[in-house]
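Participant: Below is one structure. I have some questions about it.
Protein chains in written order, with this note's numbering: chain Y, 29 to 417; chain U, 29 to 417.
Right under this line is the structure:
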């Protein structure tokens with residue numbers, strides 16, 4: 029096998045590394061990519077600028093903690109696992125510049141304030157803080173880079189395991205369908221672009237597709253930022269997975285008509301009793317799934333579970349984003365340039381909650397790296413006991 | 029009172045008529061408009077081109093039956109009651125050109141094939157056909173114009189009555205709220221632009237607002253064609269009604285949080301047992317409303333009831349529109365021109381069902397010109413007995 033990716037993210041040229049045996053699972057035009065990696069200089073960070081996809085594949089180089097914070101805030105990178113991984117590298121960049129205690133505290137604070145809902149951010153920063161506070165300043169940069177790389181590698185492994193476990197559900201659905209294709213509905217983007225590689229909700233789909241299961245994905249466009257139409261459709265298309273983009277409004281109708289066999293979505297935060305915060309609109313699909321008897325699964329690594337939260341509606345902060353994301357839409361203009369158009373009536377304001385909470389009772393099950401788990405306090409408690417420390 | 033609108037739609041200059049006492053309820057920049065009227069020539073038809081709103085107020089002149097059919101197909105006019113009214117004028121234009129039996133049959137067929145879901149189209153064409161088949165060809169043009177004008181005037185009166193009846197529900201909600209504002213969620217556009225004047229779902233809102241009720245409207249943007257963000261927000265803004273545009277995904281979250289007191293939507297077809305076909309996504313909001321205990325009302329004139337249909341999922345044809353409406357979005361570009369941008373990944377296809385069916389059990393009640401009616405076979409049966417023949 030041609031060696032393409034370095035498991036330690038060192039001395040790596042985007043898409044190619046001669047040092048180790050890891051290969052990025054996802055490819056664009058046949059070339060393997062991860063959503064985040066170290067730059068060829070060995071210390072700055074390269075990410076795919078997700079505000080430019082699906083029309084431009086632009087690699088953004090982040091060289092400071094502040095640049096990382098801005099990239100997270102402005103959704104150059106997004107997706108709960110990737111936000112955590114990127115923030116970890118933000119701490120590493122800060123430590124490289126100034127490994128002192130005030131700089132560490134400032135980096136953790138700056139990065140922690142970027143986005144409120146995805147708990148992977150707080151999880152990654154807490155892990156970085158614990159690893160670094162105990163170390164002497166002269167060791168901190170090296171430790172931080174190592175910890176950030178470990179977070180990335182663990183995420184890759186977790187997503188790979190999620191893919192294996194979740195693919196079993198799809199295979200079961202395929203057995204029930206016989207010759208027919210399995211129709212899976214997903215919301216937003218929980219693919220490799222939301223993680224480091226593989227994805228959460230999309231990992232089982234890739235895995236099952238690669239194993240020859242006859243499947244098709246309904247891709248919610250996921251307004252207001254269209255992560256489904258732009259990113260999930262892009263990922264699935266690049267991997268050759270049959271899919272169809274739909275307006276977010278269409279999923280209930282399709283479920284009513286028996287056109288959906290299975291829903292799989294990602295998560296930004298899961299409480300200890302199984303409530304799930306995910307991209308706004310997820311809850312509506314969960315309601316429709318229950319009504320139609322369609323299984324509704326949530327795929328996420330353990331780093332997405334907030335063990336301190338119980339009642340999702342009460343305990344999970346929901347990010348309110350700019351109304352301009354609703355009133356304006358960016359896409360590829362007739363001249364081939366990325367163009368923003370206003371769609372709402374001039375003078376009309378907009379509200380833009382970024383996430384909603386799907387109560388545990390609507391979730392058929394959680395797919396984590398440890399396998400399938402009921403979305404209940406008992407199920408999660410057992411999962412916590414089994415999970416690595 | 030200054031006389032502005034002719035009740036017979038004759039010798040009328042858009043926005044002004046010296047012949048009768050009717051005044052258009054809805055105004056743009058203080059000038060009264062109806063969504064359809066006869067042109068100053070006395071025979072062709074003028075409509076507001078709704079593909080250009082909210083950024084351009086363009087009056088389109090329709091001079092042939094074929095032009096009317098194209099205007100309906102291309103959604104220059106849309107909204108169940110307005111589709112019916114416009115089609116009626118399409119028959120009148122056909123009769124003016126050729127009042128023979130083959131021309132009548134052809135006009136009814138051409139117009140009937142434009143859009144499948146809104147039953148007002150079939151209702152208006154059936155009414156026109158009945159009135160014209162019995163008449164001699166030399167009388168048909170005059171009869172057709174008279175019948176089309178009558179359909180328009182009856183729609184105005186029906187919508188006005190819907191406004192009065194529905195406003196009572198809003199006033200009740202206001203009493204419960206005390207000092208707080210009543211938050212109403214609506215989907216798509218069921219305002220005066222969807223009718224001839226007043227609107228269906230928006231008529232109660234206008235009526236209550238004009239009566240001093242403290243209210244606020246959550247406007248679902250209503251992808252893929254954004255009739256909420258573009259048309260409903262435009263209407264409400266022009267009338268001074270406080271409102272906020274939201275992504276279609278946000279309504280469930282708002283209902284979970286107690287931010288919605290009442291949902292009112294329009295309808296494209298209501299079955300004899302109370303199932304409701306309306307713009308795609310309506311069903312998801314009805315599910316969320318039931319879950320949150322929020323009343324979910326459907327406002328429509330009797331012409332929207334299909335007495336021959338029972339099971340909405342089985343009996344109502346759902347229009348499948350072009351996937352391009354999902355993959356591309358039109359809005360106001362940075363240069364001030366209407367611009368279409370691609371939002372979905374290149375190479376990804378899209379499905380675009382235009383409507384969905386909300387089962388009667390999710391509908392709190394129907395608001396028609398005859399008052400409030402339970403969305404049940406019994407309620408509708410009583411309504412049919414009370415309705416004018």
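We put the beta carbon where it would ideally sit given N, CA and C, even for glycine.
Quantities reported herein were computed from a predicted structural model and do not represent experimental measurements.
1. In this structure, what does DSSP give as the bridge partners for residue 384/Y?
2. When we look at the beta-carbon of residue 215/Y and count the other beta-carbons within 10 Å, is it buried (16 or more) or exposed?
3. Would you decide whether residue 401/Y is buried or exposed? Buried here means 16 or more other CB atoms lie within 10 Å of its CB.
4. Does the distance from the CB of residue 325/U to the CB of residue 392/U come in under 8 Å?
5. For chain U, find out if any of its Cβ atoms is closer than 8 Å to the Cβ of residue 258/Y; answer yes or no.
6. Taking residue 215/U as part of the beta strand (DSSP E), name the residues at either end of that continuous run.
7. Fully enclosed by the region 128 to 162 of chain U, which beta strand (DSSP E) runs are 3 residues long or longer?
8. Any Cβ of chain Y within less than 8 Å of the Cβ of residue 75/U?
9. With DSSP collapsed to three states, give me the class of residue 92/Y.
10. Are residue 219/Y and residue 248/Y closer than 8 Å when you measure CB to CB?
11. State the start and end residues of the unbroken beta strand (DSSP E) segment that holds residue 62/Y.
12. Using 8 Å as the limit for Cβ to Cβ distance, is residue 288/Y near chain U?
13. Checking the sheet assignment: what are the DSSP bridge partners for residue 327/U?
14. Can you tell me the Cα-Cα spacing of residue 93/Y and residue 299/U, whole angstroms?
15. Residue 89/U versus chain Y: which residues are under 8 Å apart at the beta carbon?
16. Give a yes or no on whether the minimum CB-CB distance between residue 284/U and chain Y is below 8 Å.
17. Which partner residues does residue 297/U have in the DSSP bridge list?
18. Flag residue 98/U as yes when its Cβ comes closer than 7 Å to any non-hydrogen atom of the ligand COA, and as no otherwise.
19. For the beta strand (DSSP E) that contains residue 370/Y, what are its first and last residues?
20. Determine the direct distance from the alpha carbon of residue 290/U to that of residue 363/U, and round the result to whole angstroms.
21. On the DSSP letters alone, give me the boundaries of the alpha helix (DSSP H) that residue 267/Y sits inside.
22. Just checking my contact of residue 131/Y with residue 118/Y at CB under 8 Å: how many whole Å lie between their CB atoms?
23. Give every residue of the same chain whose Cβ lies closer than 7 Å to the Cβ of residue 42/U, excluding the five residues on either side of it in the sequence, and list them in chain order.
24. So the candidates are 85/Y, 67/Y, 169/Y and 72/Y; which of them puts its Cα closest to the Cα of residue 56/Y?
25. Per DSSP, what are the beta-bridge partners of residue 291/Y in this structure?
26. Tell me whether residue 54/Y sits in a helix, a strand or coil according to DSSP, three-state version.
27. Distance cutoff 8 Å, beta carbons only. Does residue 212/Y sit that close to anything in chain U?
28. Just tell me which of 368/U, 359/U and 114/U has its CA closest to the CA of residue 361/Y.
29. So which residues of chain U does residue 376/Y contact, with C-beta pairs closer than 7 Å?
30. Under the assumption that residue 331/Y contacts residue 71/Y (Cβ atoms under 8 Å), give the Cβ distance between them as a whole number of angstroms.
31. In terms of alpha-carbon separation, which member of 307/Y, 308/Y, 316/Y and 128/Y lies closest to residue 310/U?
32. Under 8 Å, Cβ to Cβ, is there at least one residue of chain U near residue 309/Y?
33. With distances taken from CA atoms, which of 199/Y, 272/Y and 221/Y is nearest residue 379/U?
34. According to DSSP, residue 479/Y sits in a beta bridge with which residue or residues?
35. Buried or exposed: where does residue 30/Y fall if 16 or more other Cβ atoms within 10 Å of its Cβ makes it buried?
36. Going along the chain, which residues of its own chain have a beta-carbon closer than 8 Å to the beta-carbon of residue 371/Y, five neighbours each way excluded?
Facilitator: Checking against the coordinates, here is how it stands:
1. The partner list for residue 384/Y (beta bridge, DSSP) reads 306/Y.
2. buried
3. buried
4. yes
5. yes
6. Residue 215/U -> no beta strand (DSSP E), and no H or E assigned at all.
7. none
8. no
9. In the structure shown, residue 92/Y sits in coil (DSSP, three-state: anything other than H, G, I, E or B).
10. no
11. No beta strand (DSSP E) holds residue 62/Y; DSSP gives it neither H nor E.
12. no
13. Beta-bridge partners assigned by DSSP to residue 327/U: 395/U.
14. 60 Å
15. From the beta-carbon of residue 89/U, no residue of chain Y is found nearer than 8 Å; the closest lies around 25 Å away.
16. yes
17. 305/U
18. Among the components of this structure there are no ligands whatsoever, and the ligand COA is therefore not found.
19. Per DSSP, residue 370/Y belongs to the beta strand (DSSP E) from 366 to 370.
20. Each residue's CA atom was taken as its position, placing residue 363/U and residue 290/U some 39 Å apart.
21. That run of the alpha helix (DSSP H) goes 261 to 267.
22. With 8 Å as the limit, residue 131/Y and residue 118/Y do not qualify as a contact, their Cβ atoms being about 12 Å apart.
23. Interpretation of residue 42/U is limited by its pLDDT of 35, a score under 50 that renders its predicted location unreliable; the figure taken from the coordinates is listed afterwards. In chain order, 65, 74 and 87 place their CB closer than 7 Å to the CB of residue 42/U, counting only its own chain and leaving out the 5 sequence neighbours on each side.
24. 85/Y
25. Residue 291/Y is bridged by DSSP to 213/Y and 324/Y.
26. Residue state for residue 54/Y is assigned as coil, using DSSP reduced to three classes.
27. no
28. 368/U
29. 261, 265, 271 and 273
30. Contact flag wrong, Cβ pair sits at about 24 Å.
31. 316/Y
32. yes
33. Looking at the Cα atoms, 272/Y is the closest of the given residues.
34. One cannot answer for residue 479/Y here, as it falls past the ends of chain Y, which runs 29 to 417.
35. For residue 30/Y, the predicted model reports a pLDDT of 31, less than 50, meaning its position is unreliable and no value from the coordinates is stated.
36. 355, 356 and 357
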